[in-house]
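Q: Under this note's numbering, the sequence shown has 97 at position 97, and the numbering climbs by one with no breaks.
Ideal Cβ placement from N, Cα and C applies to all residues, glycine included.
The model shown is predicted, which means the values in this text are computed figures rather than measured ones.
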Amino acid sequence: MKFAFDHDLHIHSHLSICSTDEGQTPAALLEYAKHNNLKQICVTDHYWDSAVPCNTGVNWWYEKQNFEHISSDLPLPKAEGVDFLFGCEADMDSDNRIGLPKSRYDDFDFIIVSTTHFHHMCGEKWEDISHEGVARRWFDRMYAVLDSDLPFHKVGIAHPACKLMNRASREDYLLTLDAMSDEALYRVYKKAAEVGVGIELNSDDFKFDENEADRILRMFKIAKDCGCKFYLGSDAHTRGGFNGKNEAFEGIITLLDLRECDKFHIR
Ligand SMILES: [Zn+2]
Ligand SMILES: [Zn+2]
Numbered sequence: 001m002k003f004a005f006d007h008d009l010h011i012h013s014h015l016s017i018c019s020t021d022e023g024q025t026p027a028a029l030l031e032y033a034k035h036n037n038l039k040q041i042c043v044t045d046h047y048w049d050s051a052v053p054c055n056t057g058v059n060w061w062y063e064k065q066n067f068e069h070i071s072s073d074l075p076l077p078k079a080e081g082v083d084f085l086f087g088c089e090a091d092m093d094s095d096n097r098i099g100l101p102k103s104r105y106d107d108f109d110f111i112i113v114s115t116t117h118f119h120h121m122c123g124e125k126w127e128d129i130s131h132e133g134v135a136r137r138w139f140d141r142m143y144a145v146l147d148s149d150l151p152f153h154k155v156g157i158a159h160p161a162c163k164l165m166n167r168a169s170r171e172d173y174l175l176t177l178d179a180m181s182d183e184a185l186y187r188v189y190k191k192a193a194e195v196g197v198g199i200e201l202n203s204d205d206f207k208f209d210e211n212e213a214d215r216i217l218r219m220f221k222i223a224k225d226c227g228c229k230f231y232l233g234s235d236a237h238t239r240g241g242f243n244g245k246n247e248a249f250e251g252i253i254t255l256l257d258l259r260e261c262d263k264f265h266i267r
C-alpha cells in the first residue's frame with residue numbers, strides 16, 4: 001500500500017521565535033489536521049534546555065526557547081481521531097552537543113533533532129567552509145546523534161538535506177551534498193536504520209528544479225535502501241505555511257516510491 005499522508009510530525013507554533021504568526025496556535029494546528037484528515041500531528045518548537053551549556057553564535061536565541069517557554073501552550077487541545085503530540089525541535093551547538101538532557105526525555109512524545117542548522121555555529125572548528133569540510137561536519141553531527149542515548153523509538157532526524165548546511169549559494173549547498181560519498185552515506189544511514197531513528201521528509205528539502213533532483217534525492221534513496229523509516233514534516237511556522245503541503249508530500253512519496261512499510265511509527 002502506498003505511503004499515506006496521514007501525519008505531520010514537524011510543526012512550529014507561535015512560540016518559536018522564527019514564527020511570525022501570532023495565530024499559529026495549537027488550535028490552528030489542530031484545524032490543519034482536521035482539514036487534511038491527519039491522524040497524528042506533533043508540535044515541535046525550537047528548544048534548548050536551560051540545564052545544557054550552549055555554544056553558538058546566537059546563544060540568546062537558544063536560551064529564550066527553554067522548556068518553560070515551549071511548554072506554555074500545554075495542555076494541547078483534543079479532537080476525535082487526531083493524536084496531537086507534544087514534541088520539540090532539539091538542536092546541536094558548535095561542539096555538537098545536543099540541547100536536551102536525559103531528564104527531559106519523558107516530557108516529550110516525540111523529539112526531532114536538527115543536524116543541519118549550521119548557520120548559527122561559531123569557532124575554529126567551523127572555519128573550514130570547503131564542501132568536503134561542511135559535509136564532514138554533517139557526518140560528525142549525525143554520528144553524535146546516533147551514538148547518543150536518545151530514545152530513538154520516538155526520535156527523528158529533522159531535515160537532513162536542509163539548505164542551511166551551506167548558505168554560501170545554492171550551488172555550494174548542492175556541492176556539499178555531492179561531497180558526501182555513497183559509501184559514507186550508506187554507513188551513516190545503516191546505523192540510523194539499526195538504532196531505529198526516523199528520517200524526516202521535510203517538504204522544504206524537496207523544493208528543487210528538475211536538474212537538481214538527483215543530487216538531493218540521492219541521500220534519501222540510500223536511506224531507503226538501508227531500511228530507514230520515514231515521516232513527513234511540513235516545518236510550517238505560520239498558518240500560510242500549511243498551504244500546498246498536500247501536493248508537496250504526495251510528490252515526495254511518488255519520487256521515493258514509498259510504501260506504508262517505509263513509514264516511521266512512534267513506539
Ligand atoms: Zn529546523
Ligand atoms: Zn523546524
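Tell me where the alpha helix (DSSP H) around Phe220 begins and ends.
A: For this step, residue 220 is matched to residue 220 along the sequence shown. Taken as a continuous stretch (DSSP letters only), the alpha helix (DSSP H) holding Phe220 covers 213-225.
Q: Only counting the same chain, and skipping five residues up and downstream in sequence, which positions put a Cβ closer than 7 Å to that of Gly196?
A: For the purposes of this step, residue 196 is identified with residue 196 of the sequence shown, where counting begins at 1. These residues qualify, in order along the chain: Phe152, His153.
Q: Taking 7 Å as the line, does the beta carbon of Glu200 fall inside it for any heavy atom of ligand 2?
A: Along the sequence shown, one-based indexing puts residue 200 at 200. Every heavy atom of ligand 2 is 7 Å or more from the Cβ of Glu200, so no.
Q: Label Cys18 either buried or exposed according to how many other C-beta atoms from any shown protein chain fall within 10 Å of its C-beta, with 16 as the threshold for buried.
A: By one-based count along the sequence shown, residue 18 stands at place 18. Classification for Cys18: exposed.
Q: At what residue ranges does the segment 172-257 contain a whole run of the alpha helix (DSSP H), taking only runs of 4 or more?
A: Those alpha helix (DSSP H) runs which fall completely within the segment 172-257 and span 4+ residues are 182-195, 213-225, 245-255.
Q: For a test of the three-state rule: what should DSSP assign to Val52, helix, strand or coil?
A: If you number the sequence shown from 1, residue 52 lands on position 52. Note: Val52 maps to coil in three-state DSSP.
Q: Just the Cα atoms here: how many angstroms apart are Val43 and Asp93?
A: Against the sequence shown, residue 43 aligns to sequence position 43. Against the sequence shown, residue 93 aligns to sequence position 93. Distance between the alpha carbons of Val43 and Asp93 is about 22 Å.
Q: So what does Ile112 bridge to, in DSSP terms?
A: Locating residue 112 in the sequence shown gives position 112, counting from the first residue. According to DSSP, Ile112 bridges with Glu89, Gly156.
Q: Rounded to whole angstroms, how far is the Cβ of His38 from the Cβ of Pro77, which I believe are closer than 8 Å?
A: For the purposes of this step, residue 38 is identified with residue 38 of the sequence shown, where counting begins at 1. For the purposes of this step, residue 77 is identified with residue 77 of the sequence shown, where counting begins at 1. Strictly speaking, residue 38 in this sequence is Leu, with His absent from that position. With a Cβ gap of about 14 Å, Leu38 and Pro77 do not count as contacting.
Q: Excluding sequence positions up to five away, which residues of its chain have a Cβ less than 7 Å from the Cβ of Asn36?
A: The sequence position of residue 36 within the sequence shown is 36, counting from 1. Asn246, listed in sequence order.
Q: Buried or exposed, going by whether 16 or more other CB atoms sit within 10 Å of the CB of Ser234?
A: Translated into the one-based positions of the sequence shown, residue 234 becomes position 234. When all chains shown are included, Ser234 counts as buried.
Q: Going along the chain, which residues put their C-beta within less than 5 Å of some heavy atom in ligand 2?
A: Those residues are Glu89, Asp235, given in chain order.
Q: Go ahead and pull the three-state DSSP assignment for Ala79.
A: Along the sequence shown, read from residue 1 onward, the residue named residue 79 stands at position 79. DSSP places Ala79 in strand when its eight states are reduced to three.
Q: Taking 8 Å as the CB-CB cut-off, is Lys34 touching chain D?
A: Reference to chain D is not applicable here, since this structure consists of a single protein chain.
Q: Going by C-alpha to C-alpha distance, which of Tyr47, Ile41, Gly251, His265 sits closest to Glu210?
A: Position 210 of the sequence shown holds residue 210. Closest by alpha carbon: Gly251.
Q: In chain order, what residues of the same chain lie with their CB nearer than 7 Å to the CB of Thr317, ignoring the 5 residues before and after it?
A: Not covered by the structure: residue 317. The range shown for the chain is 1 to 267.
Q: Return the chain-ordered list of same chain residues with a C-beta closer than 8 Å to the C-beta of Gly99, the five sequence neighbours on each side being excluded.
A: In the sequence shown, residue 99 corresponds to position 99, counting from 1. Within the same chain, Gly99 has close Cβ partners Tyr47, Trp48, Asp49, Val52, Cys54, Tyr62, Ala90, Asp91, Met92, Asp93.
Q: Anyone know if the C-beta pair for Tyr231 and Glu200 falls short of 8 Å?
A: Position 231 of the sequence shown, counted from the first residue, corresponds to residue 231. Position 200 of the sequence shown, counted from the first residue, corresponds to residue 200. Yes, the pair counts as a contact, with Cβ atoms nearer than the cut-off.
Q: Where does Arg259 sit, in a helix, a strand or coil, going by DSSP?
A: By 1-based counting over the sequence shown, the position of residue 259 is 259. It is a strand residue.
Q: Between which two residues does the beta strand (DSSP E) containing Leu30 stretch?
A: Within the sequence shown, residue 30 is the residue found at index 30, counting from 1. Unbroken run through Leu30 is the alpha helix (DSSP H), 26-35; no beta strand (DSSP E).
Q: Taking the C-alpha atoms as reference points, what is the distance between Ala192 and Gly156?
A: Here residue 192 refers to the residue found at position 192 of the sequence shown. Here residue 156 refers to the residue found at position 156 of the sequence shown. So the two alpha carbons sit approximately 10 Å from each other.
Q: What separation, rounded to the nearest whole angstrom, lies between the Cα atoms of Leu150 and Met1?
A: Along the sequence shown, read from residue 1 onward, the residue named residue 150 stands at position 150. Along the sequence shown, read from residue 1 onward, the residue named residue 1 stands at position 1. About 31 Å.
Q: Determine, using beta carbons only, whether Ala158 and His10 come nearer to each other than 8 Å.
A: Within the sequence shown, the letter at position 158 stands for residue 158. Within the sequence shown, the letter at position 10 stands for residue 10. Yes.
Q: Can you tell me which of Trp126, Lys229, Tyr105, Ser203 puts its alpha carbon nearest to the alpha carbon of Gly241?
A: Position 241 of the sequence shown, counted from the start, is the residue given in the question as residue 241. Selected option, being the one with the closest Cα: Ser203.
Q: Using a Cβ-based criterion (distance less than 7 Å to any ligand heavy atom), does Ser13 qualify as near ligand 1?
A: Here residue 13 refers to the residue found at position 13 of the sequence shown. False, no ligand heavy atom lies under 7 Å from that Cβ.
Q: Buried or exposed: Lys163, going by 16 or more other Cβ atoms within 10 Å of its Cβ?
A: Here residue 163 refers to the residue found at position 163 when the sequence shown is read from its first residue. By the neighbour-count rule (16 or more Cβ atoms within 10 Å), Lys163 is buried.
Q: Taking a contact to mean a Cβ-Cβ separation below 8 Å, would you say Ala248 touches Phe208 in this structure?
A: Walking along the sequence shown from the start, residue 248 turns up at place 248. Walking along the sequence shown from the start, residue 208 turns up at place 208. Their beta carbons are not under 8 Å apart, which means Ala248 does not touch Phe208 by this criterion.
Q: According to DSSP, simplified to helix, strand and coil, what is Lys102?
A: In the sequence shown, the residue the question calls residue 102 occupies position 102. Correct three-state label for Lys102: helix.
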